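First comes the structure, then the notes that go with it.
Numbering (the working numbering), first residue to last: 94 to 349.
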């Protein structure tokens, strides 16, 4: 052993496990590596929350460091993948499914699956996943440093928070799926307007019931006020902030 040599205990555990040798040592290495990796996750989570506090604190004018930018880039990429997956692939809990992979051309289906692989194997659940553009996003190892008396055991972690080519592929995919979603939003909101118009014309009691259901939530009322500041002109369906919104006028509610 030379003074500068660092030895890969994680690799040793893999070899010993495959050979069925020294199970106690394998278990100890794997447990230490697991908690060390979780520690890195928690460290990154705290860095993100610390930065969030700074960015939202009016009196904090501390310039962003390289570490801050790494946190921002990683957070933006992770958030984009989570939101895209939630909108398209994740099994809904409180909303109906609207998207199917078949809506995409063949080349974008591959990008969609790539993002879902990242979501499943590296974001939602810990894992090293598959290489992205020729290199893994995550490299970790528990190591032994014989020459370092104070820190003979260490945990090394290299996490690639972003790959430019992947981000470009993802951006193109999300732009296309967003356009598909906007078409669906407009169609479904128009369907609601058509049905409500028929009910109002027929003086159906459901319109009276709807008249008792004014919006009480102050946060949603604030959102409504914001959406009304620059409404797009339209006879039946307004388009506020890129989302088609059914307009129900007092006259409709009065038709009982």
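From the three backbone atoms N, C-alpha and C, an ideal C-beta is built for every residue, glycine too.
Fair warning: this is a prediction, and the values are worked out from it, not measured in the lab.
C-alpha distance - residue i paired with residue j, whole-angstrom precision
i	j	result
residue 147	residue 153	6 Å
residue 212	residue 117	33 Å
residue 325	residue 294	Low local confidence applies: a pLDDT of 49 at residue 325 is under 50, so the model's placement there is unreliable, with the coordinate-based value given in what follows. If I take the Cα positions, the gap works out to 25 Å.
residue 304	residue 189	26 Å
residue 351	residue 285	Since the first residue shown for the chain is 94 and the last is 349, residue 351 is missing from the structure and cannot be characterised.
residue 235	residue 249	6 Å
residue 239	residue 104	17 Å
residue 292	residue 199	43 Å
residue 168	residue 113	40 Å
residue 162	residue 185	33 Å
residue 231	residue 251	6 Å
residue 271	residue 264	10 Å
residue 108	residue 194	40 Å
residue 287	residue 307	21 Å
residue 283	residue 273	16 Å
residue 192	residue 278	12 Å
residue 124	residue 260	34 Å
residue 110	residue 201	39 Å
residue 275	residue 256	28 Å
residue 242	residue 179	48 Å
residue 281	residue 269	19 Å
Beta-ladder partner(s) of residue i, from DSSP
i	result
residue 252	231
residue 101	236
residue 247	236
Proximity test, residue i beta-carbon vs the ligand COA heavy atom, cut-off 8 Å
i	result
residue 250	Here there are no bound small molecules, and the ligand COA is not part of this structure.
Best match in the options for proximity to residue i [C-alpha to C-alpha]
i	options	result
residue 135	282, 256, 219, 108	219
residue 119	137, 191, 106	106
residue 141	126, 115, 125, 172	172
residue 267	316, 111, 181, 315	181
residue 216	175, 313, 260	175
residue 137	149, 165, 151	165
residue 160	150, 247, 253	253
residue 210	191, 183, 288, 244	183
residue 126	247, 276, 260	247
Environment of residue i [buried if 16+ CB atoms lie within 10 Å]
i	result
residue 262	buried
residue 351	The first residue shown for the chain is 94 and the last is 349, placing residue 351 beyond what the model contains.
residue 258	exposed
residue 300	buried
residue 170	buried
residue 144	buried
residue 100	exposed
residue 132	exposed
residue 177	buried
residue 150	exposed
residue 102	buried
residue 313	exposed
residue 208	buried
residue 289	buried
Taking only runs that begin and end inside the segment 156-234, name each unbroken beta strand (DSSP E) of 3 or more residues, in chain order. none
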